[in-house]
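One structure below.
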Amino acid sequence: MSSNGLPRFEGIFMDVSIRMISAASTVFWILLVGFFASAVYSVKDLHLSLGEPRLSLTTDGHAIISIPINIENMGYYNLGSFNIATKVADLNGAKITEGSTSVPIVERGSKITVLHNLTFSTSVLSESCIHYLFNDSSFMVTAKISLKLAETIPVQALSNFTVPWGAPFYNFQLGQPTIEPVNFTHLEITVPISFENHAPIDINGEISLYMYNSEAILVGRGESKIAAPQGNLYTGSILLYVQSSEILEKGAFEVYFSTQFMSYGPLVIPYDFGG
Numbered sequence: 469m470s471s472n473g474l475p476r477f478e479g480i481f482m483d484v485s486i487r488m489i490s491a492a493s494t495v496f497w498i499l500l501v502g503f504f505a506s507a508v509y510s511v512k513d514l515h516l517s518l519g520e521p522r523l524s525l526t527t528d529g530h531a532i533i534s535i536p537i538n539i540e541n542m543g544y545y546n547l548g549s550f551n552i553a554t555k556v557a558d559l560n561g562a563k564i565t566e567g568s569t570s571v572p573i574v575e576r577g578s579k580i581t582v583l584h585n586l587t588f589s590t591s592v593l594s595e596s597c598i599h600y601l602f603n604d605s606s607f608m609v610t611a612k613i614s615l616k617l618a619e620t621i622p623v624q625a626l627s628n629f630t631v632p633w634g635a636p637f638y639n640f641q642l643g644q645p646t647i648e649p650v651n652f653t654h655l656e657i658t659v660p661i662s663f664e665n666h667a668p669i670d671i672n673g674e675i676s677l678y679m680y681n682s683e684a685i686l687v688g689r690g691e692s693k694i695a696a697p698q699g700n701l702y703t704g705s706i707l708l709y710v711q712s713s714e715i716l717e718k719g720a721f722e723v724y725f726s727t728q729f730m731s732y733g734p735l736v737i738p739y740d741f742g743g
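Numbering follows the working numbering, in which position 216 of the sequence shown is assigned residue number 684; successive positions increment by one, without gaps.
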C-alpha cells in the first residue's frame, strides 16, 4: 500500500497518465507553433502584384477598368479564400463603382494571373462630374486584399492607386463665328469647333448648337456629325441659318454632345460680336 492509502500500482498508473497527457500537450503546442511559424515564414515566398490598370470604353456606354493581379505562391502551403475588393471614386471622393474578385485556392508552387474588372456607366461622368468630359484626369482606386495563409491564417492588405483618364472632348472650343448675308432678311453663321480626343476609343456622334440672343430668344440652331479618331485633333464647323433682325450683339451658344457612349448638354458658351 502507498502512504495515501492507494494501491501502489494505481498511483504509478496515474503518474504515467499525467506525464503522457503533458507530453502530448507539449507535442501539440510544438507542432502548432511550428505550423504557424512555417506558414508565416512561407510568406517570403509569396509574391502579389497589381499590374498596370487599363481603361476601355464599350459602344453601349460603359467604361471598364481592368486590373491584372499576379499571384506567385512558392511557399509551403496553399493559399485559401483570396479576395480583392476595390472601390473607384472620382476626384471628389464620390463613389463611382465597386466590385470584388475571388479565388478559392491558390496551390503551392503555382503562378496565376487573375483579371479584376470594374464596370460603370459613362453617364455617371456626365451627370456628376463633367470635368472628365473636357479634361484629362484620373480615378482613385482603393483596393483591399485578403487571403488565408495555409488556408487557415487570415491576412489583409490595403492599397491605393490611380487610373488615368483621357478626356473625349479635351480643350473643346468654339472658334470666332463668321457671318455671311443670305438675303435681306437672313444670315448664315458658321461656327468653327475643335477638340482633341484623348479617350481610349474613337468617337462618333453629333454636336448640336443652339444660338440664343441676350433676350434668351432662340435665333438659330445647327448640328454636325463628328468622327474623331482616338488621340487626334478634330476640327469642323456648324452652320446656322438665322433671321438678321433677331441677331443681337451678345448672347450665348448652347452645345449638346451625343456619342456612341455618352450624351451631355448644354455646355453654355457666351458670345460677343462687338468684342
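Cβ atoms here follow ideal geometry from the backbone N, Cα and C, with glycine treated the same way.
Spanning the alpha carbons of Ser713 and Gln641 requires a straight line of approximately 27 Å. Phe721 is a Cβ neighbour of Ile737, given a cutoff of 8 Å. Just measuring C-alpha positions, the residue of Gly688, Phe637, Val574 and Val687 sitting nearest Phe729 is Phe637. DSSP places Phe602 in the uninterrupted alpha helix (DSSP H) bounded by His599 to Phe602. Here Gly634 has Asp604, His666, Ala667 and Pro668 as same chain residues with Cβ atoms under 7 Å from its own Cβ, once five neighbours each way along the sequence are excluded. Residue pairing for Tyr739: DSSP places it in a beta bridge opposite Gly719. Cβ-Cβ separation between Leu583 and Thr565: approximately 16 Å, too far for a contact (criterion under 8 Å). Per the Cβ contact rule, the segment 691-707 is not in contact with the segment 549-565 (fewer than 3 Cβ pairs under 8 Å). Setting aside the 5 residues that flank it on each side, Gly742 is surrounded in the same chain by Glu717 and Lys718, each with a C-beta closer than 8 Å to its C-beta; the list follows chain order. By DSSP's assignment, Phe607 forms a beta bridge with Val631. In this chain, the beta strand (DSSP E) harbouring Val659 covers His654 to Glu664. Within the model, the alpha-carbon separation for Ser614 versus Ile580 is close to 16 Å.
Around the C-beta of Ala531, 16 or more other C-beta atoms lie within 10 Å, and the residue is accordingly described as buried. Only residues of its own chain outside the window of five on either side were considered, and among them Met608, Val609, Thr610 and Ala611 have a CB closer than 8 Å to the CB of Asn628, listed in chain order.
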